[in-house]
Amino acid sequence: KAKELGRNGFQFYSNTLNNYLEEKSAFESRLKNAIKNGELELYYQPQLEAAKQHLVGVEALVRWNDPKTGLVLAHDFIDVAEKTDFILAIDDWVLNNACQQAVKWQKAGLSHLKVTINISKRQLDDDSIITNIANALHTSGLNAECLELDINENTLSQPSDKTLALLKELKDLGIKLAIDEFGVGFSSLNHLRKVDIDSLKLNQNLLENITTDVCEAAITKAIIDIAKTLELTIIAGGIERQEQLTWLQQHGGHLFQGYLFSKPLPVREIEDYFIKTTKNFAR
Ligand code: C2E
């Protein structure tokens with residue numbers, strides 16, 4: 428095909444590649460200025476308890492208001508940021524903002540509200556994480572047990588002794604640890620014994636066809652059994668349909684999160700959600 432296109436074909440591919448590389452580098456340099464320009468924003472998604480479906484916490488998910496392309500989801504820029512040290516600045520910004528916001532909401536009536544933030548692999552390799560978290564708790568006044576860190580399962584696939592020691596130090600601060608996207612690789616099963624984890628977050632893909640796919644259901648049941656034996660809280664993310672919720676309620680899920688209840692929302696809109704769904708919140 429390329430031969431048929433001849434020189435013009437080469438020119439086409441070369442231009443496309445150049446455009447792609449130029450766009451990628453422009454995207455990265457705009458992203459590097461995002462914090463300085465005040466373009467990052469936290470969205471929050473509620474987490475509900477199983478039986479009465481009352482609010483227990485929120486997960487903070489970062490968004491970038493890119494002046495060129497508009498709102499960018501974490502899914503579309505965190506990977507790029509993770510390839511540079513810039514992820515550390517984003518994570519620190521998220522940590523401080525989420526802690527401060529949670530304290531404001533606790534003072535406005537949601538007294539035990541928990542806030543969950545995502546921790547990148549880079550952040551877990553960075554020695555300053557303990558100091559950063561201790562400082563964020565101190566500055567905001569947030570009680571350590573109201574902060575939960577979501578650690579991606581593959582971060583724990585081959586944890587070094589240093590990472591394990593660091594996780595222990597994090598636990599000693601009093602914060603909660605959750606393994607996110609659990610069920611993707613089972614890689615962390617063995618490490619669950621070594622790390623004092625509080626919760627397992629079941630992966631959205633694993634729960635997609637839980638009511639119809641026998642295999643998915645069997646795997647999920649097995650994971651729930653392990654989590655129960657280890658006395659871990661089971662958090663099910665990405666719940667979109669009532670039948671998924673019913674299945675998980677019947678099989679022992681504890682906390683739920685997903686579009687069925689609410690999409691991640693900016694501060695003003697999640698406050699509207701609090702007003703609608705809880706009695707004790709006043710803006
Ligand atoms: P995650 O922690 O697994 O977050 C869940 C993702 O699924 C979020 O995408 C959320 O918007 C989306 N989601 C939530 N409920 C549903 C649902 O019911 N259905 C569907 N289809 N999707 C749902 P988002 O915000 O783009 O985040 C993607 C990933 O980026 C996150 O996965 C997390 O690993 C990472 N991330 C997000 N915020 C941060 C952050 O502040 N720092 C770091 N380091 N990573 C972050």
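According to full-length UniProt numbering, the sequence shown is numbered sequentially starting from 428.
From the three backbone atoms N, C-alpha and C, an ideal C-beta is built for every residue, glycine too.
Is the beta carbon of residue i within less than 6 Å of some heavy atom of the ligand C2E?
i, result
"Asn559", "no"
"Leu597", "no"
"Glu667", "yes"
"Ser547", "yes"
"Pro691", "yes"
"Asp552", "no"
"Tyr686", "yes"
"Leu682", "no"
"Val489", "yes"
"Ala501", "yes"
"Asp607", "yes"
"Asp518", "yes"
"Ile505", "yes"
"Val542", "no"
"Leu622", "What sits at residue 622 in the sequence shown is Val, not Leu. It does not: the Cβ of Val622 is nowhere closer than 6 Å to a heavy atom of the ligand C2E."
"Val521", "yes"
Taking the alpha-carbon positions, what's the residue i to residue j distance?
i, j, result
"Glu466", "Asn524", "13 Å"
"Ser587", "Val507", "24 Å"
"Val483", "Ala535", "15 Å"
"Thr581", "Gln676", "The question names Thr, but residue 581 is Asn in the sequence shown. Near 27 Å, if we compare the C-alpha coordinates of Gln676 and Asn581."
"Ile517", "Asn562", "16 Å"
"Leu619", "Glu486", "22 Å"
"Thr647", "Lys655", "12 Å"
"Leu593", "Asp519", "17 Å"
"Asp699", "Gln438", "54 Å"
"Gln533", "Asn445", "50 Å"
"Ala649", "Leu475", "23 Å"
"Gln480", "Lys706", "14 Å"
Taking a contact to mean a Cβ-Cβ separation below 7 Å, would you say residue i touches residue j in this structure?
i, j, result
"Ile697", "Phe683", "no"
"Lys589", "Asp625", "no"
"Asp577", "Asp553", "no"
"Lys628", "Ala605", "yes"
"Phe513", "Lys459", "yes"
"Ala529", "Leu540", "yes"
"His678", "Ala477", "no"
"Ile702", "Gln671", "no"
"Leu537", "Phe708", "yes"
"Tyr470", "Pro693", "yes"
"Leu488", "Pro691", "yes"
With burial defined as no fewer than 16 other Cβ atoms inside 10 Å of the residue's Cβ, what is the status of residue i: buried or exposed?
i, result
"Cys573", "buried"
"Glu449", "exposed"
"His565", "exposed"
"Cys642", "exposed"
"Asn442", "exposed"
"Ser456", "exposed"
"Arg710", "exposed"
"Asp652", "exposed"
"Asn630", "buried"
"Thr496", "exposed"
"Glu575", "buried"
"Leu515", "buried"
Unbroken alpha helix (DSSP H) runs of length 4 or more, entirely within the stretch 528 to 575: which are they? Counting only unbroken stretches of 4 or more residues, the alpha helix (DSSP H) elements lying wholly within the stretch 528 to 575 are 548 to 551, 556 to 567, in sequence order.
At 3 residues or longer, what runs of the beta strand (DSSP E) sit wholly inside the stretch 575 to 643? For the stretch 575 to 643, whole beta strand (DSSP E) runs of length 3 or above, ordered along the chain, are 603 to 609, 626 to 629.
Please go through the stretch 474 to 514 and give each complete beta strand (DSSP E) segment of 3 or more residues, from N-terminal end onward. Correct list: 482 to 493, 497 to 500.
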